[in-house]
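Residue numbers (this note's numbering), protein chains in the order written: chain U, 85 to 198; chain W, 186 to 297. Okay, structure first, notes after.
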């Protein structure tokens with residue numbers, strides 16, 4: 085499986101600011117995904133990031149709040165904009181594996197908004 | 186009805202016992218099924234995949250799939266305290282992309 089890294093691993097931010105999370109993969113992948121996992125909860129898909137096209141957002145998530153970039157097949161960013169304490173969560177990127185028809189996850193970014 | 190349902194637990198078993206984790210799904214067109222393990226504070230880790238009816242064994246883990254009844258299960262034999270984690274069931278609806286639907290997870294506690 086691909087090796088996935090995320091930066092930063094954790095951050096504490098003030099409300100009203102924005103944070104950009106980076107996801108780097110050691111091989112080229114077509115499908116990348118961004119998830120949020122709030123404390124004690126399961127995974128919620130934010131959007132699917134495809135190289136060369138706009139990200140596809142899930143219901144309840146909008147581009148203005150969570151802009152995503154996918155400049156190439158090994159890298160993506162997720163920005164959490166105008167943050168509030170409700171955005172405190174773990175943000176995870178994952179990559180699709182077409183051979184296995186599944187996903188592998190990065191280590192996550194733990195975000196705390198004060 | 187949720188697309189993928191799991192009992193949230195916790196499921197408590199003694200060390201050495203068999204832990205049985207269950208998952209049901211609603212979309213009959215689902216093609217692929219997965220179990221992820223997530224330790225507290227860590228990201229999900231894929232531990233089992235199953236694509237056809239029957240059992241699939243990998244070490245102490247056995248995944249079972251019954252498409253007619255729309256359930257997937259995970260058996261962990263000789264449970265160890267290190268197996269204590271949340272186990273997430275995930276389903277691929279076969280759209281041609283690797284998009285998964287996750288259950289809410291079952292927390293497993295293995296006591297020494």
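Don't be surprised by glycine CBs; every beta carbon is placed ideally from N, CA and C.
Straight-line CA distance for residue i to residue j?
i	j	result
residue 174 of chain U	residue 243 of chain W	30 Å
residue 194 of chain U	residue 105 of chain U	10 Å
residue 178 of chain U	residue 118 of chain U	6 Å
residue 297 of chain W	residue 250 of chain W	30 Å
residue 96 of chain U	residue 198 of chain U	7 Å
residue 270 of chain W	residue 86 of chain U	23 Å
residue 233 of chain W	residue 248 of chain W	7 Å
residue 108 of chain U	residue 292 of chain W	30 Å
residue 194 of chain W	residue 206 of chain W	10 Å
residue 147 of chain U	residue 169 of chain U	19 Å
Using alpha carbons as the reference points, say which of the options lies closest to residue i.
i	options	result
residue 229 of chain W	U:198, U:197, U:187, U:152	U:187
residue 253 of chain W	W:223, W:274, W:216	W:216
residue 137 of chain U	U:148, U:165, U:115	U:115
residue 199 of chain W	W:261, W:279, W:274	W:261
residue 203 of chain W	W:194, W:245, W:290, W:270	W:245
residue 139 of chain U	U:192, U:153, U:148, U:98	U:153
residue 197 of chain W	W:289, W:268, W:238, W:278	W:268
residue 145 of chain U	U:155, U:157, U:132, U:156	U:132
residue 212 of chain W	W:278, W:295, W:291, W:283	W:278
residue 231 of chain W	W:289, W:206, W:272	W:272
residue 124 of chain U	W:209, W:294, W:290	W:290
residue 185 of chain U	U:164, U:113, U:92	U:113
residue 110 of chain U	U:94, U:158, U:100, U:192	U:158
residue 99 of chain U	U:166, U:183, U:161, U:192	U:166
residue 176 of chain U	W:223, W:239, W:266	W:223
residue 295 of chain W	W:266, W:288, W:283	W:266
residue 156 of chain U	U:134, U:172, U:150, U:149	U:134
Helix, strand or coil for residue i? Go by DSSP, reduced to three states.
i	result
residue 267 of chain W	helix
residue 188 of chain W	coil
residue 212 of chain W	coil
residue 171 of chain U	helix
residue 87 of chain U	coil
residue 155 of chain U	strand
residue 256 of chain W	strand
residue 225 of chain W	coil
residue 123 of chain U	coil
residue 146 of chain U	coil
residue 166 of chain U	coil
residue 191 of chain U	coil
residue 136 of chain U	coil
residue 180 of chain U	strand
residue 102 of chain U	coil
Rounded to the nearest angstrom, how far is the Cβ of residue i from that of residue j, given a contact under 8 Å?
i	j	result
residue 89 of chain U	residue 190 of chain U	7 Å
residue 276 of chain W	residue 218 of chain W	6 Å
residue 201 of chain W	residue 264 of chain W	7 Å
residue 142 of chain U	residue 129 of chain U	5 Å
residue 103 of chain U	residue 163 of chain U	7 Å
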